[in-house]
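The opening position of the sequence shown corresponds to residue 1 in UniProt numbering, with each subsequent residue numbered one higher.
Below you'll find the structure, written out as structure tokens, and then a few comments.
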Amino acid sequence: MSTILTEDFSDMKKDFPYKFDGHDKQGRPLLTVDFGSWDLDGAAERGQIDRSLRYYDRILDEAEHKLLDLQHQGKNVTQFVWLINQDNKASISLAASRAYWHYATVYEKQHPGSGTRILMINSPSIFSSAMSAIRPLLSQESNDIFDNYADEKEWKPIVLDLVDADQLSPSYGGTKGTGKSKILAGTFHGDANKPGSWSWPKFFGPRH
């Protein structure tokens, strides 16, 4: 795994999207994975399933390096938050089952304790059988931080308790990229008889 971060996976990024962007309320890095777009069955048909598994390995290695970078900056950060959006899609095919087994065992054997929370959101009911198979592969510690939720009414309050809305895109329950992260409130002050005297009250802070 020592060279995995130098390998070129640019051909995978479009079909297997993920992002390190933002942080939780404790300053821990945030990993979001649009897993509903991950076509594992298609990868198997194209003979790319092994490459897709190594791509996953790279993501976790990248997460560990993010933590090391923050520690080198003097920050006391040892874990990351991992949000996985299934977008109500899942496969329980042989290829997908192999991938789920790989995901769980690689995390448990090579990166145990690196995640503070691992949340799967918009999880379809068909995935419950996969979850039942995954949990025995994980330690009690990992099982305690690993949950899946189907309904936005369930997962959104949990996610927003961990991460501020302005750190999350709308698909993860946030406001990032919508222009709603900063709201100006109050009224302008000034004298109608003195042109140019109108100003935003200081206690509201500067305009951006």
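All residues carry an ideal CB built from backbone N, CA and C; glycine is no exception.
Since we're looking at a predicted model, the values are computed, not measured.
Notebook entry, point to check: Is the Cβ-Cβ distance between residue 226 and Pro29 less than 8 angstroms?
Noted result: Since the first residue of the chain shown is 1 and the last is 208, residue 226 is not available in this structure.
Exercise. Compute the beta-carbon to beta-carbon distance between Ser91 and Asp50, rounded to the nearest angstrom, for a pair I have assumed lies under 8 angstroms.
Key: Along the sequence shown, one-based indexing puts residue 91 at 91. Along the sequence shown, one-based indexing puts residue 50 at 50. Contact doesn't hold; Cβ gap of about 17 angstroms is too wide.
Exercise for the section: Give, in chain order, every unbroken run of the beta strand (DSSP E) that is at least 3 residues long and sits entirely within the stretch 11-45. Expected result: Runs of the beta strand (DSSP E) spanning 3 or more residues and lying entirely within the stretch 11-45 occur at 18-23, 29-33, in chain order.
Can you name, in chain order, every residue of its own chain whose Cβ lies under 6 angstroms from the Cβ of Ser93, other than the five neighbours on each side? As a working note, residue 93 is residue 93 in the sequence shown. Residues of the same chain with a CB within less than 6 angstroms of the CB of Ser93, apart from the 5 flanking positions on each side, are Asp41 in chain order.
Could you compute how far the alpha carbon of Thr175 sits from the alpha carbon of Gln26? Working through the sequence shown from its first residue, we reach residue 175 at position 175. Working through the sequence shown from its first residue, we reach residue 26 at position 26. C-alpha separation (whole angstroms): 19 angstroms.
Have a look at the DSSP bridge pairing and note the partners of Phe80.
The residue given as residue 80 occupies position 80 in the sequence shown. DSSP lists Gly115 as partners of Phe80.
| task | Quick one: residues in its chain with C-beta nearer than 8 angstroms to the C-beta of Leu31, no 5 flanking neighbours on either side, listed in chain order? | result | If you number the sequence shown from 1, residue 31 lands on position 31. Contacts found: Tyr18, Lys19, Phe20, Ile59, Ala63, Phe80, Val81, Trp82, Leu83.
For my contact list, Ser123 and Gln86 are in at a C-beta cut-off of 8 angstroms; report their separation, rounded to the angstrom.
Looking up residue 123 in the sequence shown gives position 123. Looking up residue 86 in the sequence shown gives position 86. Confirmed, about 5 angstroms.
Output the boundary residues of the alpha helix (DSSP H) element that contains Asp144. Within the sequence shown, residue 144 is the residue found at index 144, counting from 1. Run containing Asp144: 140-145, per the alpha helix (DSSP H) assignment.
Candidates Glu45, Leu53, Gly36, Gln73, of which the one nearest Thr105 by Cα
Mapped onto the sequence shown, residue 105 falls at position 105. It is Leu53 whose Cα lies nearest to the Cα of Thr105.
* Alpha-carbon to alpha-carbon, Asp8 and Ser139 -> In the sequence shown, counting from the first residue as 1, residue 139 sits at position 139. In the sequence shown, counting from the first residue as 1, residue 8 sits at position 8. In this structure, the alpha-carbon of Ser139 lies about 32 angstroms from that of Asp8.
Counting only the same chain and skipping the five closest in sequence on each side, list residues whose C-beta sits under 7 angstroms from that of Ala192. Working through the sequence shown from its first residue, we reach residue 192 at position 192. Residue placement at Ala192 cannot be trusted, given a pLDDT of 48 that sits under 50; what the coordinates show is reported in the next sentence. Once the five neighbours on either side are set aside, Ala192 has no close Cβ partner at all.
Worksheet item: DSSP state of Ile134, grouped into three classes?
Response: Your numbering for residue 134 matches position 134 in the sequence shown. Helix, per DSSP.
What span of residues does the alpha helix (DSSP H) with Leu168 cover, start to end?
Sequence index remark: in the sequence shown, residue 168 carries index 168 (1-based). That residue, Leu168, is in no alpha helix (DSSP H); it is neither H nor E in DSSP.
In its own chain, which residues sit with a C-beta less than 7 angstroms from the C-beta of Ala177, not counting the 5 before and 5 after it? If you number the sequence shown from 1, residue 177 lands on position 177. Just to set this straight, residue 177 is Gly in the shown sequence, not Ala. Around Gly177, the same chain offers Ser169 as residues with beta carbons nearer than 7 angstroms, after the five sequence neighbours per side are excluded.
Buried or exposed: where does Ser10 fall if 16 or more other Cβ atoms within 10 Å of its Cβ makes it buried?
Here the question's residue 10 lines up with position 10 in the sequence shown. Its Cβ having fewer than 16 others within 10 Å, Ser10 is exposed.
Quiz item: For Trp38, which residues from the same chain have a beta carbon less than 6 angstroms from its beta carbon, with the 5 sequence-adjacent residues on both sides left out?
Solution: Start at 1 with the first residue of the sequence shown, and residue 38 comes out as number 38. Short of 6 angstroms from the beta carbon of Trp38, and not among the five residues preceding or following it, lie these beta carbons of its own chain, in chain order: Phe16.
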